[in-house]
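Enquirer: I am attaching a structure below and will ask some questions about it afterwards.
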Amino acid sequence: RPVALVNPPNHPPLPKATLRLSEKFILLLILSAFITLCFGAFFFLPDNSKHKRFDLGLEDVLIPHIDSPKGGKHESLRDKIRADHERALQEAKEKLRKSREELQAEIQTEKSKVVEDLKKKDTGPKPLPPVPMPQVVGVSDGEPPEPDVKEKRDKIREMMKHAWDSYRQYGWGHNELKPLAKKGHSTNIFGNSQMGATIVDALDTLYIMGLHEEFKDGQEWIEQNLDFGVNAEVSVFEVNIRFIGGLLAAYYLSGQEVFKLKAVQLAEKLLPAFNTPTGIPWAMVNLKSGVGRNWGWASAGSSILAEFGTLHMEFVHLTYLTGNPAYYQKVMHIRKLLAKMDRPNGLYPNYLNPRTGRWGQHHTSVGGLGDSFYEYLLKAWLMSDKTDTEARKTYDDAIEAIERHLIRKSNGGLTFIGEWKNGHLERKMGHLTCFAGGMFALGADGSPDDKAGHYLQLGAEIAHTCHESYDRTVLKLGPEAFKFDSGLEAVAVRQNEKYYILRPEVIETYWYMWRFTHDPKYRQWGWEAAQAIDKYCRVSGGFSGVKDVYSSNPTYDDVQQSFFLAETLKYLYLLFSSDNLIPLENWVFNTEAHPLPVLHLGNITLPGSEPAQR
Ligand code: DMJ
């Protein structure tokens, strides 16, 4: 269309320069159409060069046949081709003469032969590459020199035996035990699987306590029964910390290859959980189908900070042991993504949407939903023999913001860690949060600005507060959550916060404080807790949680949690052992108390430590 017609009728004529510009534009349009045409022709017309190459190939063989003298090398080649053709023709004729049934039988024989050949080649799971075993020290007996301490330690060992034997008798192979009903038990974190969670979680405790017969029993069950091809939707976090952590620790302590193989088989099943738009894994994955999703209750379809942030230790070990960079890359990708995000007040919210990569509700906690994310930053640094300084720096920054916004002193002088909810501090602390006392003490050495003394002191204050939460109950066992509000100091208010489910966090902090200070009060507090557990939680079929620690006549919840064997009893046993049993210079405990050896990464390059990919 002429350019002039584009002008509306009563519009002043366009200036000359504009018309010329439009002409240029049309010319440009025609030129680009021409280029596109040439481009298309180049790609879509038959590729002559290929035909040429093909013809040349034939010429190489055929042309000499035409010109070659009789009896020459080309003639013998021609005879060979002719013979081949004739043989093929003959075979085809014979095939055509055969009946349909005969042909099918032939195909079947051929197929079985191929399968047989494949079987011969496939000699089971591929062996993992040999790697240097990290220095495994301190798997000693750890017997304390003091007879009264030894007596206490023996008592803890006896409690472990009761918990294990009861599970062995009434719940063997199930995930957990109902010690009153005397039958197996499971929860939604394990889907509808029966994967012997208690066996896997308890293995290293049995080993450390020298309960070798029991350990062997557990190993046999794992060899014969532990199968991850089940149609069960499990929690990625729980399976990682309990199963992968438990199997890896059992492997490093005992050197039995089966544990390593099982850990790797399971880890492969967890990998599909990372197939999200951001690479932040789903909370749950179906072990068979690989389909993942998030908890219905989590803010706007979010994944949980303490869940996707508690994979690092185990995944680094998996890459170390298998040479497969995927595990390392997945967790480093999470770290990189978090580093790029804005943090409200320097705090990490507990919820992150794996589709959009945006934070969900602004709720920050050092207890449930947040806790072990901070723990794994510190432990990543320790586990790398203090070479992963990026992890240490991230930990230091996070703790600095937590101290500023979440840690307060109550009117009665108790230091507590509250929960930050949309700019408001809730003066409530969970039993889970009590692990932080140990974490602060563990992170004291290496803290910035030489604040080691400050963090050790903070650890001691948290230990004291948590001990108070136990001491102010009737049973001398701590409630699930306690308040520092309206005159209340370290006591639970709501009925649904008064339960104790055999959790380890307070005892865990006593143990770390003991290792760093050797103040006898920590052994004393640990012993008080052990006695209370034995008195109020022990039943003939094992150990049970109780529903109200403020009642002298409590009812049982009838669950023997697997972490009672993995953590609570292990930390108690270590509290009454000498320090040379699992020394902290050589071992780092995962969040389920499974010890993993320090990897001297200064001398090793992990495969995949180049830029992370998803
Ligand atoms: C354990 O499974 C782990 O310690 C986890 O990090 C949170 N809490 C439970 C035990 O209370």
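Anchor point for the sequence shown: position 26 equals 26 in full-length UniProt numbering, and the numbering is continuous, going up by one each time.
Using N, Cα and C, we set each Cβ at its ideal position, and we do this for glycine too.
Since the model is a prediction, treat every value here as computed from it, not as a measurement.
(1) Could you check the C-alpha separation between asparagine 411 and glycine 487 for me, to the nearest Å?
(2) Between Gly437, Asp445, Gly453 and Ser299, which has its C-alpha nearest isoleucine 462's C-alpha?
(3) Hey, out of Lys498, Arg515, Leu575 and Val539, whose CA is closest to alanine 529's CA?
(4) Among Tyr500, Glu585, Pro595 and Thr568, whose alpha-carbon lies nearest the alpha-carbon of serine 551?
(5) On the three-state DSSP scale, how would you describe valine 239?
(6) Using DSSP with H/G/I as helix, E/B as strand and the rest coil, what is histidine 85?
(7) Skipping 5 residues on each side, what residues in its chain have a beta carbon closer than 6 Å to that of aspartate 67?
(8) Check each candidate in Pro448, Arg87, Pro344 and Leu347 and name the one with the smallest Cα separation from threonine 389.
(9) Would you mind giving the Cβ-Cβ distance between leucine 425 and tryptophan 164, rounded to the nearest angstrom? I have them listed as a contact below 8 Å.
(10) Grab the span of the beta strand (DSSP E) containing arginine 343 for me, first residue to last.
(11) Count the other CB atoms, across all protein chains shown, that sit within 10 Å of the CB of glutamine 104; report buried if there are 16 or more and exposed otherwise.
(12) Can you give me the C-alpha to C-alpha distance between aspartate 47 and glutamine 329, rounded to a whole angstrom?
(13) Using only the alpha-carbon positions, how far apart do lysine 80 and lysine 93 sit?
(14) Go to residue 635, then tell me how far its beta strand (DSSP E) extends in each direction, as first and last residue.
(15) Which same chain residues, not among the five before or five after serine 235, have their C-beta less than 7 Å away from its C-beta?
(16) Who are glutamate 400's beta bridge partners in DSSP?
(17) Thinking C-alpha only, which one of Glu307, Ile35, Phe274 and Gln495 is nearest arginine 355?
(18) Mind checking who leucine 596 pairs with in its DSSP beta bridge?
(19) Opposite histidine 405 in the DSSP bridges: which residues?
(20) Please go through the same chain and pick out, in chain order, the residues whose beta-carbon is closer than 7 Å to the beta-carbon of tyrosine 170, but skip the five residues on each side of it.
(21) Can you tell which of Leu226, Thr319, Pro179 and Asn350 has its C-alpha closest to the C-alpha of serine 421?
(22) Does the beta-carbon distance from proline 134 to histidine 600 come in below 9 Å?
(23) Starting from the C-beta of leucine 253, find all residues in its chain whose C-beta is less than 7 Å away, skip the five residues before and the five after it, and write them out in chain order.
(24) Here's the rule I'm using: 16 or more other beta-carbon atoms within 10 Å means buried, otherwise exposed. How should valine 264 be labelled?
(25) Could you tell me if the beta carbon of alanine 436 falls within a distance shorter than 8 Å of some heavy atom in the ligand FMN?
(26) Quick one: give me the first and last residue of the beta strand (DSSP E) that phenylalanine 416 is part of.
(27) Rounded to a whole number of angstroms, what is the C-alpha to C-alpha distance between isoleucine 533 and tryptophan 527?
(28) Should leucine 596 be labelled buried (16 or more other beta-carbon atoms within 10 Å of its own) or exposed?
(29) Going by DSSP, what residues sit across from serine 303 in a beta bridge?
(30) Quick check on methionine 313: buried or exposed, where buried means 16 or more other Cβ atoms within 10 Å of its Cβ?
(31) So, at 7 Å on beta carbons, what are the nonlocal neighbours of leucine 56 in its own chain, with the 5 sequence-adjacent residues on each side left out?
(32) Would you say proline 354 touches the ligand DMJ, meaning its beta carbon is less than 8 Å from a heavy atom?
(33) For the ligand DMJ, is there any heavy atom lying closer than 8 Å to the beta carbon of phenylalanine 563?
(34) I want to know whether the region 325-339 touches the region 396-407 - three or more CB-CB distances under 8 Å.
(35) Is glycine 357 near isoleucine 280, with beta carbons less than 9 Å apart?
(36) By the DSSP assignment, the alpha helix (DSSP H) with methionine 284 in it spans what residues?
Expert: According to the structure data:
(1) The residue given as residue 411 occupies position 411 in the sequence shown. The residue given as residue 487 occupies position 487 in the sequence shown. C-alpha separation (whole angstroms): 8 Å.
(2) Counting from one through the sequence shown, the residue named residue 462 turns up at place 462. Looking at the Cα atoms, Gly437 is the closest of the given residues.
(3) Here residue 529 corresponds to residue number 529 of the sequence shown, with the count starting at 1. Alanine 529 has its Cα closest to that of Leu575, out of Lys498, Arg515, Leu575 and Val539.
(4) Here residue 551 corresponds to residue number 551 of the sequence shown, with the count starting at 1. It is Tyr500.
(5) Here residue 239 refers to the residue found at position 239 of the sequence shown. Helix, per DSSP.
(6) Translated into the one-based positions of the sequence shown, residue 85 becomes position 85. Reduced to three states, the DSSP call for histidine 85 is helix.
(7) Counting from one through the sequence shown, the residue named residue 67 turns up at place 67. With a pLDDT of 34 at aspartate 67, under the threshold of 50, the modelled position of this residue cannot be trusted; read the value that follows with caution. None.
(8) For the purposes of this step, residue 389 is taken as the residue at position 389 of the sequence shown. It is Pro448 whose Cα lies nearest to the Cα of threonine 389.
(9) Within the sequence shown, numbered from 1, the residue matching residue 425 stands at position 425. Within the sequence shown, numbered from 1, the residue matching residue 164 stands at position 164. Their Cβ separation, rounded to whole angstroms, is 42 Å, which puts leucine 425 and tryptophan 164 out of contact at 8 Å.
(10) Your numbering for residue 343 matches position 343 in the sequence shown. Neither: arginine 343 is in no beta strand (DSSP E) and is coded neither H nor E.
(11) Within the sequence shown, numbered from 1, the residue matching residue 104 stands at position 104. Its Cβ having fewer than 16 others within 10 Å, glutamine 104 is exposed.
(12) Numbered from 1 along the sequence shown, position 47 holds the residue referred to as residue 47. Numbered from 1 along the sequence shown, position 329 holds the residue referred to as residue 329. At aspartate 47, the pLDDT of 42 sits below 50, so the modelled position is not reliable; the number obtained from the coordinates is stated separately. In a straight line, the C-alpha of aspartate 47 is about 42 Å away from that of glutamine 329.
(13) Position 80 of the sequence shown, counting from 1, holds the residue named residue 80. Position 93 of the sequence shown, counting from 1, holds the residue named residue 93. Cα to Cα, the separation comes out at about 20 Å.
(14) The question about residue 635 has no answer here: the residues shown for the chain are numbered 1 through 614.
(15) Here residue 235 refers to the residue found at position 235 of the sequence shown. Hits under 7 Å: Ile189, Ala283 and Met284.
(16) The count along the sequence shown starts at 1 and reaches residue 400 at position 400. Paired residue(s): none; glutamate 400 is not in a bridge.
(17) On the sequence shown, position 355 is the one that residue 355 refers to. Minimum Cα distance to arginine 355 is reached at Phe274.
(18) As a position in the sequence shown, residue 596 is number 596, starting the count at 1. Answer by DSSP bridge pairing, in chain order: Val588.
(19) Here residue 405 is taken as the residue at index 405 of the sequence shown, counted from 1. Answer by DSSP bridge pairing: none, since histidine 405 is not bridged.
(20) The residue given as residue 170 occupies position 170 in the sequence shown. Answer for tyrosine 170: Leu177, Lys182, Lys183 and Gly541, listed in chain order.
(21) Start at 1 with the first residue of the sequence shown, and residue 421 comes out as number 421. Checking the displayed sequence, the identity of residue 421 turns out to be lysine instead of serine. It is Asn350.
(22) On the sequence shown, residue 134 is found 134 positions in, with the first residue counted as 1. On the sequence shown, residue 600 is found 600 positions in, with the first residue counted as 1. Cβ distance < 9 Å, so proline 134 and histidine 600 count as in contact.
(23) Reading the sequence shown from its first residue, position 253 is the one you call residue 253. Once the five neighbours on either side are set aside, the close Cβ partners of leucine 253 are Val139, Asp204 and Tyr207.
(24) Within the sequence shown, numbered from 1, the residue matching residue 264 stands at position 264. Flag for valine 264 reads buried.
(25) Ligands in the displayed structure: the ligand DMJ; the ligand FMN is not one of them.
(26) In the sequence shown, counting from the first residue as 1, residue 416 sits at position 416. Residues 415-417.
(27) Walking along the sequence shown from the start, residue 533 turns up at place 533. Walking along the sequence shown from the start, residue 527 turns up at place 527. Taking the straight line from one Cα to the other gives about 10 Å.
(28) Here residue 596 refers to the residue found at position 596 of the sequence shown. When all chains shown are included, leucine 596 counts as buried.
(29) Start at 1 with the first residue of the sequence shown, and residue 303 comes out as number 303. BP columns for serine 303 point to Leu352.
(30) As a first step, residue 313 must be located in the sequence shown, where it is residue number 313. Classification for methionine 313: buried.
(31) Your numbering for residue 56 matches position 56 in the sequence shown. For leucine 56, the predicted structure reports a pLDDT of 28, less than 50, and the residue's modelled location is therefore unreliable. A value from the coordinates is still provided. No residues qualify anywhere along the chain.
(32) Reading the sequence shown from its first residue, position 354 is the one you call residue 354. Not under cutoff, so the answer is no.
(33) As a first step, residue 563 is located in the sequence shown; it is residue number 563 there, counting from the start. Because some heavy atom of the ligand DMJ lies under 8 Å away, the Cβ of phenylalanine 563 counts as near it: yes.
(34) no
(35) Sequence index remark: in the sequence shown, residue 357 carries index 357 (1-based). Sequence index remark: in the sequence shown, residue 280 carries index 280 (1-based). In this structure, isoleucine 280 lies closer than 9 Å to glycine 357 by Cβ.
(36) Position 284 of the sequence shown holds residue 284. Counting along the chain, methionine 284 falls outside any alpha helix (DSSP H), though it belongs to the beta strand (DSSP E) covering 284-286.
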